[in-house]
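Enquirer: Once you've had a glance at the structure underneath, I'll fire off some questions.
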């Protein structure tokens, strides 16, 4: 072997060594765990599809956890567990922003990024992502309910819990719109919790129909509320009672086609999950976020920098005409 050949081989070894070391010691993917309102809810199963897809796209290892029951104290325990595990990012869909506030502060003090969804009033968050305007979303639902009720009569409103921030903001907007535009309509009782669970919303609907036999409308801000209410309406053949609200097309299709649910609204939970991870990646990379910034898959955002809220407009309307196509899209 001549000297020139020897140098070539040695040169190759000298290059190969550092490259191999670079691969061996490459930085591990960042980690993001998202705490949702409750485990095994169809809405969050779809949201998790977005978390996973974006995690692959943006090199972030994602997981999703949620309490077995709709309980903000359980969310706090999950957040504290994630702090102990030293994840890089915590996603949060809060049940009660006051209950989770100190846990969010502990996460931020530990250097963890916190991205919320349906949590624009969550103190301490890094950013909140909203796919709708709370005011517009609530007003859309009231307009639909008023149309189906002929703009008069008694109605009730369901929320997940009386402290769920998004649900109650939408309900506030809907009720205010009714008072301003439909004076012949009347909310007969304060809003009812239970809209996150089918069994609970079914029980509440039975109670409502017994206590307020003249009720003509039910509006639900949680995605399982219209299902529970619609099941009762169908079983009791009370399709004269109009049910509208946030819902998942595949879950509600049969009830929509039968008339037990009149109309539904939502944004794509998969988009929400994807957007949360995309924003986490932007924060990790130090990318500035301001009005006009393109959020991957979601388009240009309106950004409230003071309140740390990122908003895009992605509302879908679900009725007999649109539900089939939406189901085909996987919703």
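Numbering (mature numbering (1 follows the signal peptide of the UniProt record, and there is no 0)), first residue to last: -26 to -1, 1 to 305. All residues carry an ideal CB built from backbone N, CA and C; glycine is no exception. A quick note: this is a predicted structure, and the numbers were derived from the prediction, not measured.
Could you tell me the boundaries of the alpha helix (DSSP H) in which residue 306 lies?
Expert: The structure shown does not extend to residue 306, since the chain is modelled only from -26 to 305, so the question has no answer here.
Enquirer: Taking buried to mean at least 16 other C-beta atoms within 10 Å of its own C-beta, is residue 175 buried or exposed?
Expert: In the chain shown, counting from the first residue as 1, residue 175 sits at position 201. Counting Cβ neighbours within 10 Å, residue 175 comes out buried, since at least 16 surround it.
Enquirer: Can you look up residue 42 in the DSSP assignment and give me helix, strand or coil?
Expert: The count along the chain shown starts at 1 and reaches residue 42 at position 68. Coil at residue 42, not helix or strand.
Enquirer: Pick from 89, 55 and 59: whose alpha carbon is nearest that of residue 281?
Expert: Residue 281 sits at position 307 when you count from the first residue of the chain shown. Here the closest residue by C-alpha is 89.
Enquirer: How is the alpha helix (DSSP H) around residue 174 delimited, first residue to last?
Expert: For the purposes of this step, residue 174 is identified with residue 200 of the chain shown, where counting begins at 1. Judged by DSSP secondary structure, residue 174 falls within the alpha helix (DSSP H) whose first and last residues are 172 to 185.
Enquirer: Find the nearest neighbour of residue 135 within the set 188, 164, 230 and 60, judged by alpha-carbon distance.
Expert: The residue given as residue 135 occupies position 161 in the chain shown. When only C-alpha atoms are compared, the closest one is 164.
Enquirer: Determine the extent of the beta strand (DSSP E) in which residue 156 is found, giving its start and end residues.
Expert: Position 182 of the chain shown, counted from the first residue, corresponds to residue 156. No beta strand (DSSP E) contains residue 156, which DSSP labels as neither H nor E.
Enquirer: Would you kindly work out how many angstroms separate the C-alpha atoms of residue 103 and residue 91, rounded to a whole number?
Expert: By 1-based counting over the chain shown, the position of residue 103 is 129. By 1-based counting over the chain shown, the position of residue 91 is 117. Their backbone Cα atoms lie some 5 angstroms apart in a straight line.
Enquirer: Leaving out five residues before and five after residue 266 in sequence, what residues of the same chain have Cβ atoms less than 6 angstroms from its Cβ?
Expert: The residue labelled residue 266 in the question sits at position 292 within the chain shown. Only 274 meet the Cβ criterion.
Enquirer: What do you reckon, is the C-beta of residue 61 under 8 angstroms from a heavy atom of the ligand ZN?
Expert: The model depicted lacks the ligand ZN and carries no ligand whatsoever.
Enquirer: Between residue -24 and residue 57, what straight-line distance do the alpha-carbon atoms span, to the nearest angstrom?
Expert: The residue given as residue -24 occupies position 3 in the chain shown. The residue given as residue 57 occupies position 83 in the chain shown. Confidence is the limiting factor: at residue -24 the pLDDT is only 39, short of 50, which leaves the residue's position unreliable, though a coordinate-based value still follows. Rounded to whole angstroms, residue -24 to residue 57 spans 58 angstroms at the Cα level.
Enquirer: Taking just the CA atoms, how far does residue 143 sit from residue 65?
Expert: Position 91 of the chain shown, counting from 1, holds the residue named residue 65. Position 169 of the chain shown, counting from 1, holds the residue named residue 143. Between residue 65 and residue 143, the C-alpha separation is close to 20 angstroms.
Enquirer: In or out: residue 194 buried (at least 16 other Cβ within 10 Å) or exposed?
Expert: By 1-based counting over the chain shown, the position of residue 194 is 220. Buried, since its Cβ has 16 or more Cβ neighbours within 10 Å.
Enquirer: Tell me whether residue 63 sits in a helix, a strand or coil according to DSSP, three-state version.
Expert: Residue mapping note: residue 63 aligns to position 89 of the chain shown, counting from 1. Strand, per DSSP.
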